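Chains as they are written, first to last, in the UniProt record's numbering: chain A, 1 to 368; chain B, 1 to 368.
Beta carbons: idealized from backbone N, C-alpha and C, even for Gly.
Computed from a predicted structure; not experimentally measured.
These notes are about the structure you will find just below.
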């Protein structure tokens with residue numbers, strides 16, 4: 001479709017994902033691109049120039065570093081709002097993981113600015129914020145919100161679920177391995193045999209490879225999975241009997257942190273003390289293996305039974321969660337009325353800057 | 001996003017997929033729906049009423065049957081063209097598998113009408129028609145073409161590939177089981193053991209279950225797979241060194257029809273004579289099994305080596321094509337630069353009226 005329309009793009013957050021996103025965006029051949037990158041905001045600097053957009057992948061970093069302007073989101077809101085018109089769209093890309101930025105989504109969307117983001121906070125936090133966002137997007141001149149990259153990064157998960165729901169399919173259950181970190185840990189730890197590496201050593205190696213957060217408890221608490229489940233559950237809620245989740249804290253989340261290691265301040269101390277609990281995890285592995293099963297940390301949105309839960313579950317060694325997973329893959333199964341006997345499955349890397357930025361850019365392309 | 005915009009919808013083809021599509025479309029709550037279903041065309045009748053849209057899932061069939069109007073696509077083209085305006089979109093849904101209807105896409109798209117279809121003919125036939133379609137969609141007031149349901153029915157395959165390409169990922173190889181019929185036949189026939197049911201009996205049962213065309217040679221010739229590969233390859237072509245396919249006939253397709261059974265006029269005779277070739281297929285199965293492999297009829301778009309092929313290939317019994325497939329599932333793996341070590345995988349039912357109609361309706365929702 002030929003589009004004479006202009007789409008102004010403002011980016012908040014220029015870390016790993018943000019930088020990769022900028023590079024992908026600027027790689028689109030200018031002739032085919034309706035996008036004009038007019039603003040960057042980091043934690044310390046900001047740039048805004050809507051008459052002379054940023055086009056150089058090699059100089060935006062130094063241009064931003066040279067700016068004397070401080071980050072000022074209220075001012076940015078005014079500047080962007082003034083650009084919204086019937087022939088000009090404005091997209092704000094939030095590449096942070098900040099609650100403060102997320103709290104501004106209703107303001108932006110009400111002003112006609114579309115918000116595109118991999119930031120899970122707004123969609124998995126307090127339901128009041130989420131409902132404000134949805135309400136703002138339904139106003140006559142409201143912007144849209146697009147959040148494909150909040151679950152599974154670039155994998156087609158949120159969009160697939162929205163299509164299923166919008167076309168009238170009935171979701172029965174969504175079940176998956178939603179954390180790349182948890183995927184890696186249990187793909188290594190539990191392969192169906194009674195023995196294997198110690199749990200603590202798998203976690204230590206995962207941390208050394210950069211697959212975990214600096215403090216592994218931030219992965220093992222299951223909150224990342226609970227947030228993703230909240231996003232999916234809320235997408236389904238209005239079309240089902242699933243109760244609305246007040247926040248991700250309402251997900252039944254079975255943390256893997258041993259109670260004795262709760263609240264340990266540093267990742268180093270946590271990893272040093274984890275071996276004391278190896279026997280506990282080894283016993284679970286042996287019990288699963290005796291039943292021909294493996295352990296996987298999964299998330300489940302069980303629509304039929306009105307339950308959303310995250311935790312360690314057992315799967316037969318013939319199940320795709322056992323046979324098909326490897327590395328730090330995500331896998332998501334949609335059990336629906338139309339995909340009845342056999343689920344719709346999406347699988348692949350669910351984390352990393354390149355694929356996350358791709359999910360964000362895919363959403364931006366949908367605006368065009 | 002609140003949309004004051006009207007989208008007029010005209011449907012050509014009201015068979016299994018067409019009927020299911022109409023029912024899904026009319027199930028969208030009217031308050032949320034920008035869609036106005038204004039025209040139906042079957043092989044013998046047509047209806048057009050843009051001031052009084054069709055809203056009843058229970059009466060459209062009898063209304064169409066009672067119409068005295070014959071199908072008249074040139075007249076429909078004029079009627080629809082007159083409705084295109086900056087605030088009104090028009091979508092033509094082609095739910096036929098007709099080459100004649102496909103030949104009209106450039107006319108429609110040039111007139112600003114968007115074409116949405118599961119019909120593979122236009123996108124996998126002569127490249128001249130395909131290029132006319134692409135060119136028409138790039139004119140200033142051209143309509144769009146959306147063809148998610150041409151590959152994998154409702155599975156997110158075409159859209160995922162378009163997103164990968166549009167965001168700058170490099171496609172290395174696309175590899176998959178693209179035919180539900182072929183999937184069923186080989187999931188039953190080749191499970192990794194040296195023995196198993198006779199090939200002819202698997203085909204006969206598949207035919208009895210309605211999984212094959214009335215004449216199984218229409219599946220076993222591999223043309224359905226070749227057409228799907230052509231659609232995917234053309235989506236990749238402009239972003240790679242892959243040579244343009246003049247038509248699906250340019251795909252290297254290894255037919256499963258024994259040469260002696262080529263041109264047999266009826267499916268009944270074909271199935272009756274197939275047992276004479278059981279030993280041939282059994283020997284291939286035994287040879288694969290001896291190497292720890294299974295047989296699968298796959299399609300491959302090998303971008304790196306500039307090759308597009310369809311045929312029987314061997315996969316280890318630990319490969320997802322062996323472990324993860326069942327029923328008549330499709331499975332598609334995207335090997336790309338970003339999904340490097342491990343591919344992005346989409347799997348699920350790739351045929352059937354409900355999921356095909358869903359793929360079409362998902363595309364229509366993208367117009368809104």
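For residue i, does the three-state DSSP call read helix, strand or coil?
i: residue 255/B; result: coil
i: residue 10/A; result: strand
i: residue 280/A; result: helix
i: residue 245/B; result: coil
i: residue 5/A; result: coil
i: residue 187/A; result: helix
i: residue 338/A; result: coil
i: residue 222/A; result: coil
i: residue 348/B; result: strand
i: residue 163/A; result: helix
i: residue 198/A; result: coil
i: residue 376/A; result: The requested residue 376/A is not part of the displayed model; chain A covers only 1 to 368.
i: residue 365/B; result: helix
i: residue 173/B; result: strand
i: residue 130/A; result: helix
i: residue 267/A; result: helix
i: residue 123/A; result: helix
i: residue 47/B; result: strand
i: residue 431/A; result: Because chain A in this structure spans residues 1 to 368, residue 431/A falls outside the shown range and cannot be described.
My guess is that residue i and residue j are in contact by the Cβ rule of under 8 Å, so how many angstroms apart are they, rounded?
i: residue 328/B; j: residue 184/B; result: 4 Å
i: residue 349/A; j: residue 339/B; result: 6 Å
i: residue 222/A; j: residue 311/A; result: 7 Å
i: residue 174/A; j: residue 301/A; result: 4 Å
i: residue 57/A; j: residue 76/A; result: Incorrect: roughly 22 Å between the Cβ atoms, too far for contact.
i: residue 354/B; j: residue 20/B; result: 6 Å
i: residue 377/B; j: residue 17/B; result: As shown, chain B starts at 1 and ends at 368. That puts residue 377/B outside it, with no answer to give.
i: residue 332/A; j: residue 152/A; result: 6 Å
i: residue 96/A; j: residue 13/A; result: 4 Å
i: residue 369/A; j: residue 50/A; result: In the structure displayed, chain A extends from 1 to 368; residue 369/A sits before or after that span and is not available.
Answer with buried or exposed for residue i, where buried requires no fewer than 16 other C-beta atoms within 10 angstroms of its C-beta.
i: residue 101/A; result: buried
i: residue 163/A; result: buried
i: residue 177/B; result: buried
i: residue 31/B; result: exposed
i: residue 11/A; result: buried
i: residue 15/A; result: exposed
i: residue 351/B; result: buried
i: residue 244/A; result: exposed
i: residue 91/B; result: buried
i: residue 228/A; result: buried
i: residue 246/B; result: exposed
i: residue 280/B; result: exposed
i: residue 52/B; result: exposed
i: residue 375/B; result: The structure shown has nothing for residue 375/B, since chain B only spans 1 to 368.
i: residue 208/A; result: exposed
i: residue 78/A; result: exposed
i: residue 62/B; result: exposed
i: residue 69/A; result: exposed
i: residue 5/A; result: exposed
i: residue 305/B; result: exposed
Kindly say whether residue i, judged by its beta-carbon, lies nearer than 8 Å to any beta-carbon of chain E.
i: residue 144/B; result: Among the protein chains in the structure shown, which are A and B, there is no chain E.
Is the closest heavy atom of the ligand ZN to the C-beta of residue i under 7 Å?
i: residue 225/A; result: The ligand ZN is not part of this structure, which contains no ligands at all.
Report yes or no: do the segment 131–149 of chain B and the segment 250–266 of chain B share at least 3 C-beta pairs separated by less than 8 Å? Result no; under three Cβ-Cβ pairs closer than 8 Å.
Pull out every residue of the segment 306–329 of chain B whose Cβ sits closer than 7 Å to any Cβ of chain A, in chain order. 320, 323, 324, 326, 327, 329
Below 8 Å between beta carbons is the criterion; list the residues of the segment 3–30 of chain A that meet it against any residue of chain B, in chain order. 4, 24, 27, 28
Using a Cβ-Cβ cut-off of less than 8 Å, list which residues of the segment 142–160 of chain A approach chain B; keep chain order. 142, 143, 144, 154, 155, 156, 159, 160
Can you list, in chain order, the residues of the segment 160–189 of chain A whose Cβ is nearer than 9 Å to any Cβ on chain B? Close to chain B, meaning a Cβ-Cβ distance shorter than 9 Å, are the following residues of the segment 160–189 of chain A: 160, 162, 163, 164, 166, 167, 168, 169.
Determine, using beta-carbon pairs with one atom in the segment 188–201 of chain A and one in the segment 274–286 of chain A, whether at least three such pairs fall under 8 Å. yes
What residues in the segment 334–352 of chain A have a beta carbon less than 7 Å from any beta carbon of chain B? 338, 339, 341, 342, 343, 344, 345, 346, 347, 348, 349
Looking at chain B, which residues of the segment 354–368 of chain A have a Cβ within less than 7 Å of any of its Cβ atoms? Residues 354, 355, 358, 361, 362, 365.
Can at least three beta-carbon pairs, one atom from the segment 35–53 of chain B and one from the segment 117–125 of chain B, be found at a separation below 8 Å? no
Within the chosen definition, does the segment 138–145 of chain A reach the segment 330–339 of chain A through at least 3 CB pairs nearer than 8 Å? no
Check whether the segment 257–267 of chain A and the segment 319–327 of chain A touch, using three or more Cβ-Cβ pairs below 8 Å as the test. no
Below 8 Å, how does it come out for the segment 192–205 of chain A and the segment 232–241 of chain A: are there three or more Cβ pairs, yes or no? no
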